[in-house]
Each structure stands twice: as structure tokens, then as C-alpha cells.
Amino acid sequence: MFKDLSIKNKLYMGFGSIVAIILILLGVAYNSFTRLSEANSWDRHTMEVLIEIDKIHNSILQIQVETRGYLLSGNEISLNPETDEMAVLTQHTQKAILMTSDNKPQSERFRKIDQLARTWVKDWIDPLIDKRRALGNTPGAADTVARMIPPGGSPGILQANKMLDDATAEENRLLAERSARSASLQETMLLTLSLGGVLCIVLALGISYILAKAILGPLNNLTDAVGRIAGGEQGARAAIVSGDELGKVTNEFNRMAQTIQDNQANELAATNTLRAKVDSLLEVVSKAASGDLTGKVSITGSDAIGQLGNGLAKMFENLRSLLNNVQKAGIQVTTSATEIAASARQQEATGIEQAQTSVEILSTTKEISANTSQLLKTMEDATAVADYTTNATAEAQNNLKRMDSTMQHMVSATDSINAKLAALSEKASNINSVLITITKVADQTNILSLNAAIEAEKAGEAGRGFSVVATEIRRLADQTSVSTWDIEQMLKEMQSAVSASVMGMDKFSEEIRRSVGEVRQVAEQLSSVMDQVQKLTPQFDAVLQGMQSQAVGASQISDTMMQLNDATQQTVESLKATSEAVHQLQYAAGDLQSSVSNFAVTI
Amino acid sequence: MKVLVFHIGRDRYGLPLAAIVRVLPLLELKQLPLTPDYVAGLMDLHGAPVPVIDLSRLAGLAPAAAQFDTRIVIVDYRAPDGSKHALGLMASRVRGIADIEEQQWEDSGVETAPFLGQVASDADGIVQLVELEQLLPADVRALLFQPRSAP
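Chains as they are written, first to last, in the working numbering: chain E, 2 to 604; chain U, 1118 to 1268.
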């Protein structure tokens, strides 16, 4: 419970208990002082009573002295008239009575002394003085009076003196008693003060210790934890031993330490991941540095190292493809160089061939010139043939026109035959319907004959003749049926023949129509042929002119071929040079291939 | 004995003239649902309804073709209980009447359809008699000839 209090409350409680103990101690001391001072006052009172007793004694002695003086001298001055000794005595006695009012036997004692003193003065002193005065200056007066005084004094005053002694003894006893009580009080007070002081100090120390422990315990705990964390122990935590502000501070501190530890663990993990990624990247890169590009970058992601990995992967991919391409290109260049060398050689050979060919062309051109003049003669013959063709074509055209009109006649004749055949077909249909009727009648007759035979059978002997008739009728009917069937067959054949004829005629007329069209087409073509042939003559002229210019061109070709020959020689020269260059290129390509093959690119 | 000769499939069969009432050409028939398939339908004989049996289908062959010599033969059908009914038989290729002597008929000696009876031979081959009494099984007979309810 004390642990859960706040520090402020702890401090209040500790100091409050110390103050309370001091207050209690002060109260006890005050009480003791009061009692001690009371005891002292009682002491003084007893001393005063003793003084009063002495004064009373003195007064009695004074009275006795004055009386004796007067008795001896008779001188009035001895009596000391300015002071009334008796009044002083009474006064002191009364004061003593008043002072000892708390002590009954003592005050009673004083009252008795007072009475005895009065009695003593009245019975003894006054008669003595009066007797002396009466004797006056007579000799022996003093002696006479002195004989009057009993030896040992008067009994009253003796008793009074004795009582005074008693009172003194009583007061002395009281004084001793009160002094002893006062001393014991003093001792008690001293003891109380010293014990209280010690207790107070002990309590204050205890409270201070508890307070310090309550405040310093968690603080030390916390400090210890801080020290351990500072010394590198990540898992160090302060134990929460109290519920006050320090407890809260400890709790927050623990949370902070946990957070720091977590953060450090995360950081360490991240660093390790990063290191692993970097190591894997380094491995690939070092492989690549030694020429082996087959390493695969497995690091990807959106963070910086991931992007680096992506970039490296892309770069390696590009490098691989580049080297691949270079290798391929090297091979290709070698192949191409070889091909070029081959073609250069071929061209060289071709150039030589060309040179030979141009010589041949030269001779051919000369032959062309000769041929052209022959052709000219032939062309003239062709012109004559064309004229003849024109005349023949015109004749053919006329014949065709006659043929066309004949065919028109044939078409109209066919149409009329078709119409007649249609009429024939219709008649055949009519015959057919008649035949159907006959068939029906024959059928009915058949049934009739059957029924007639049945009836004849039922009629028995009487129907015998009728039965014969019925059989005859049935035979007739059957014959009719057979004949009808024959006619039907013939009719059907006829109808099919007619339709075949119609179809044939249709086909024939179609053929004629087509022939007419063809004849017309032929006629048109013939006329166009005529036109073409007529056009031929000027074209032949043009051909003649062209041939002449051809002859000229042939000689020009001859000249050009000479020049071409020279050029070909030059080409052959330059081709040799090209061959040389290509050989060099081949060597260079071989070098390139061998240097590129140092790189491993295939994964 | 005179018989009406007709065909069932390729074979010739005979129907005694005594049982025949009349021979009719092929007519339009009214179909009779929920009857055996060999019941060809119902015809109208002078106002009286007469059921018609297709003999070809009765013999388990294809239906009689609608040819010009396919006929409907009206016969007097005698039920075993003695009642008489008119019954139409659809017969194909009705050839005509044949007169065959009584002694020529012989039992076929083969167990076939119950309505086929004795056989006889002539110039064209074998003719087998059709027994009208055995023509219809009892259930079909009951189906076709319902006893007339009293008016």
C-alpha cells in the first residue's frame, strides 16, 4: 500500500510522523515542567513558614531581653517604647496561621502559641514590669523583682518554645519530603526528555530510511537497468516495484527499451538482408568481371537494392544479347567475307568473260548489219501479201452475210414445228383421259362379273347358265383391261417421242441462233482484220526506217563495246584489289570471333 | 367348290363363294384407333358400319397396296356364339373365281396361322383356303362386335 503512494504523499507522511513525535515529546516535557515548578513553590512556602517561626522566636526572645533589661536597670529606654514587641509577635503569629491554613495541626499549633504568648505577657511580663516600676530606684529593687522570676522561666513560654520547636520540626519534615518529591520529578523529567529524544531520533532515522528506500529503490532499479542497457545488454529491463511516478517512469522506460530493442533487431535483419543481397550481386558481378556472364541476378524488388538488382539483371541481359549479337555478327562477318572473296573471284572470272564476250558482240553486231539489209527485202514481200489478204477478206464477208439470212429462215421453220408438236402432245393427253374412263369401266365390269358369279353360285343349279355368262363378261372385261393397258403404253411412248422431238427442236433452234451469232461475230472479226491489214502497210514503212536506224545503232554499239572492254579490264584490276581487302577482313573477323568467344553468355 | 382367288404376298389363297356377300372396289375407310394394326378401318355399307380386316397385315406382311385389283370382300362372319356379322376383308390382286373339285382339297399337314385351312393344286400352283371361323382371335372379335345396347 505504501508502495502505491505517490512520492509527494510519501514525503508528507514521513515528515508528518516526525513532527507528530516531536509534538508529543514537547507535551510531555511541558507537563513535567509544570509539576516541577509547583513543587518548587511548595518548597519556598515551607521556607517562608520556617522564617516566620524564626521571627516568632525572635520576638519572644526580644520581649524577654527587653523585660530583663528593664528589670535590671529600671530604665524605661530598655523597654524600647517605640516598638510594641507584642504586636510584632502577634502579627507574625497571625501570618504563620494564615500561611499554614492548608495544614490544620500546624495552624492549631500556632494559634496555641499565640494564646500562650498572650497569656505569658499578661500573666508574667506585665506584672513584673509594673512591680519594678513601683519599686522605682529603691535598692534591691532589681533583686527583689528578680526573685519573682521562677527559675527556668515561666511554664507558658517554655511550652510555647517547645511548640515552636515542634512546628519547626514539622516544617523541616515537610521540607525534606517536598525536596525529595521535587528531586524525583526532576529525575523523571530528565529521563523523559532523554528517552523521548532518543526515540525521536530513532523514529526519524527509521522513517528516513523507509522513505529513502521507497524513493531510491525504484530509482536504483531504473539506474541499474539504464547502466546495463548502456553496457550493451539489450534485454535488460527495470522491475516495476512501486505504483508511483517512478513506477510509471520505469514502465515507460521498459517500453522505450523494448522499442529500441525491436528497432535494433529490425535494423539488424534489414542489414543482414541487404548484405546477403549485396553479396549475391557481388558474386554475379565478380563472375561477370572474369568474363562469365551466365550469372543470374536473383535480387528484385522496389527498394534501392532491388532496383539495383533489376538494373544489373537488365544490364547483364543486354550485355549477353550484345555479346551474342557480336558473336553472331563475327560469324556472319566471316561468312560474308568468305562469300565476298568467292564472289570477287567469280566477278574476276566474269570480268574476263565479259572482255571475251564484248569481242564476240563486236562480230555479232557486224552480222546484224548484214541481216538488216536482208530483212528489208523480206518486208517488201510482206507488204504485197497484206494487200492480197485484204481482198480475200472482203469476199469472205459477203459469203457470211448470205449464210446469216439462210439461218434466219431455219429459225422460223423450227418455231412452227414446235407449235405443231405441242398440239400433238395435247391430243395425246385427251386420249389418255378417255383411256382412264375405259379402265374404270373395265374395272367395274370385273367387279360386276365377280358379284354376278357369286350370286349365280348362291342361286345353285338355276344360276349355272348365268355363271357362264358372268365368266364371259369377266373375260371381256379382262381383255378390255389388257387392250387399254396396251393403248396406254403406246400413247406413253408417243408422248415421250413428241417431248423428245420438242426438246430436239428446241436444241436445234438454239444451235441455229448461236450459229447466227457466231457468223456475225466472224463477219465483224473479218472486217476488223481488213482494217488491221490496211493499217499494216504504213507500219511496214516504219519498220523499214527502224531497220536502217538499227544498222546505224549497230555500229554505235561496236564503238561502245570497245569502250566497255577497256572498262572491264579496269574492273578486273579493281576486283583483284577487293579480293586482297576481303582476305584482310576475313582475318579481322577471325580475331573478333576468338576474342568474343572468351565471354560465356549461354545460361 | 368355287372359290374367290386372291393373293397374300406372292401366294394364292381361296375364299369359298358361299360365304361371300359381295365384292367391292377399294373405298375410303374410317380409321379405328386403339385397334390391332390389321384392322384397316370402318366402311359404310348402305348405311351400316362394317369393320374391315387387312388380310395381308393379318398374315404378318406389309399392308395391301392400293392397286386397281385390290378389293374389299364383304363376308358373313359367323361368331362361335352363332351371331352373324358383316365383315370386310381387304384382299389384294383378286384374280377371279376358280372351280376346284372337292376331292382335290387336302390338309396341308403344317401348323400355320389358325385361319389357314386345306390346300389344293391347279395349273398355276397351290391355293390355300381361308377359314372364316378362325379369322379373328376372341379379344379382337369382342372389340369389333360389341353387343348392341338395347334401344
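Cβ atoms here follow ideal geometry from the backbone N, Cα and C, with glycine treated the same way.
Using 10 angstroms around the beta-carbon of residue i, count the other beta-carbons present and answer buried if the total reaches 16, otherwise exposed.
i: Leu294 of chain E; result: buried
i: Ser209 of chain E; result: exposed
i: Leu1246 of chain U; result: buried
i: Pro1268 of chain U; result: Because the pLDDT of Pro1268 of chain U is 43, which lies under 50, any placement of that residue in the model is unreliable, and the question is left without a value.
i: Trp121 of chain E; result: buried
i: Trp486 of chain E; result: exposed
i: Ala86 of chain E; result: Here residue 86 of chain E turns out to be Glu, not Ala, going by the sequence shown. So Glu86 of chain E ends up on the buried side.
i: His93 of chain E; result: buried
i: Met1160 of chain U; result: buried
i: Ile126 of chain E; result: buried
i: Ser74 of chain E; result: exposed
i: Asp245 of chain E; result: buried
i: Gly248 of chain E; result: buried
i: Leu1121 of chain U; result: buried
i: Asn399 of chain E; result: exposed
i: Ser243 of chain E; result: buried
i: Ala443 of chain E; result: buried
i: Pro140 of chain E; result: exposed
For residue i, report the span of its beta strand (DSSP E) as first-last.
i: Phe1123 of chain U; result: Lys1119 to Ile1125
i: His1202 of chain U; result: Lys1201 to Asp1216
i: Tyr1155 of chain U; result: Looking at the DSSP string, Tyr1155 of chain U is not in any beta strand (DSSP E), and its letter there is neither H nor E.
i: Gln1245 of chain U; result: Gly1242 to Val1247
i: Glu1131 of chain U; result: According to the sequence shown, residue 1131 of chain U is Gly rather than Glu. It spans Asp1128 to Pro1133 - the beta strand (DSSP E) in which Gly1131 of chain U sits, taken as one unbroken run.
i: Gly1234 of chain U; result: Leu1233 to Asp1239
i: Ile1189 of chain U; result: Arg1188 to Arg1195
i: Leu1141 of chain U; result: Ile1137 to Pro1142
Is the CB-CB distance between residue i and residue j below 8 Å?
i: Glu178 of chain E; j: Leu51 of chain E; result: no
i: Ile448 of chain E; j: Val1140 of chain U; result: yes
i: Ile1189 of chain U; j: Val1138 of chain U; result: no
i: Ser608 of chain E; j: Asp416 of chain E; result: The displayed coordinates of chain E run from 2 to 604. Any statement about residue 608 of chain E would go beyond what the structure contains.
i: Ile300 of chain E; j: Lys278 of chain E; result: yes
i: Met164 of chain E; j: Ile98 of chain E; result: no
i: Glu394 of chain E; j: Leu527 of chain E; result: Correcting the residue identity first, residue 394 of chain E is Thr in this sequence and not Glu. Closer than 8 Å, so yes.
i: Ala1237 of chain U; j: Gln1221 of chain U; result: yes
i: Ile158 of chain E; j: Ile25 of chain E; result: no
i: Ala590 of chain E; j: Ala338 of chain E; result: yes
i: Leu1204 of chain U; j: Ile1170 of chain U; result: yes
i: Ala1215 of chain U; j: Asp1239 of chain U; result: yes
i: Ala387 of chain E; j: Val534 of chain E; result: yes
i: Ser468 of chain E; j: Ala454 of chain E; result: yes
For the alpha helix (DSSP H) containing residue i, list its first residue and its last residue.
i: Ile17 of chain E; result: The amino acid at residue 17 of chain E is misidentified as Ile; the sequence shows Gly. Unbroken alpha helix (DSSP H) run through Gly17 of chain E: Ile8 to Ser74.
i: Pro219 of chain E; result: Pro156 to Ala231
i: Leu606 of chain E; result: Any property of residue 606 of chain E remains undetermined from this structure, which presents chain E solely from 2 to 604.
i: Asp507 of chain E; result: Arg465 to Val597
i: Pro128 of chain E; result: Asp127 to Leu136
i: Val1169 of chain U; result: It is not in any alpha helix (DSSP H) - Val1169 of chain U instead sits in the beta strand (DSSP E) that spans Ala1165 to Asp1171.
i: Lys278 of chain E; result: Glu246 to Ala290
i: Thr91 of chain E; result: Glu86 to Met100
i: Ser243 of chain E; result: First-last for Ser243 of chain E: undefined, no H or E at that position.
i: Leu117 of chain E; result: Lys105 to Trp121
i: Thr139 of chain E; result: Counting along the chain, Thr139 of chain E falls outside any alpha helix (DSSP H), and DSSP gives it neither H nor E.
i: Leu1260 of chain U; result: Ala1255 to Leu1261
Closer than 8 Å, CB to CB, is residue i near chain A or not?
i: Ile1137 of chain U; result: Of the protein chains in this structure, namely E and U, none is chain A.
Rounded to the nearest angstrom, how far is the Cβ of residue i from that of residue j, given a contact under 8 Å?
i: Ala40 of chain E; j: Arg182 of chain E; result: 6 Å
i: Gly352 of chain E; j: Leu576 of chain E; result: 6 Å
i: Asn599 of chain E; j: Ala356 of chain E; result: With 8 Å as the limit, Asn599 of chain E and Ala356 of chain E do not qualify as a contact, their Cβ atoms being about 48 Å apart.
i: Val1227 of chain U; j: Gly1131 of chain U; result: Their Cβ separation, rounded to whole angstroms, is 17 Å, which puts Val1227 of chain U and Gly1131 of chain U out of contact at 8 Å.
i: Val583 of chain E; j: Ala345 of chain E; result: 6 Å
i: Leu1261 of chain U; j: Pro1142 of chain U; result: Not really, about 22 Å apart at Cβ, beyond 8 Å.
i: Ser559 of chain E; j: Leu363 of chain E; result: 6 Å
i: Ile306 of chain E; j: Leu269 of chain E; result: Actually they do not touch by this definition, with Cβ atoms about 16 Å apart.
i: Gln1 of chain E; j: Ala170 of chain E; result: Because chain E spans 2 through 604 in this model, residue 1 of chain E falls outside it and cannot be assessed.
Please confirm whether any heavy atom of the ligand SAM lies closer than 7 Å to the CB of residue i.
i: Ile216 of chain E; result: The ligand SAM is absent from the structure shown, which contains no ligand whatsoever.
*With 8 Å as the limit, tell me which residues of the region 510-541 of chain E have their beta carbon closer than that to any beta carbon of chain U; keep them in chain order.*
none
*Taking only beta carbons into account, state which residues of the region 434-464 of chain E come closer than 7 Å to chain U, listed in chain order.*
Asp444, Ile448, Leu451, Asn452, Ala454, Ile455 and Glu458
*What residues from the region 1205-1232 of chain U come within 8 Å of chain E, judged by C-beta to C-beta, listed N to C?*
Val1211, Gly1213 and Ile1214
*Along the region 1153-1185 of chain U, what residues have a CB closer than 9 Å to any CB found in chain E?*
Phe1185
*asked:* To be precise: take each residue of the region 1118-1129 of chain U, compare its Cβ to all Cβ atoms of chain E, and keep it if any distance is under 8 Å. Which residues remain?
replied: Lys1119 and Leu1121
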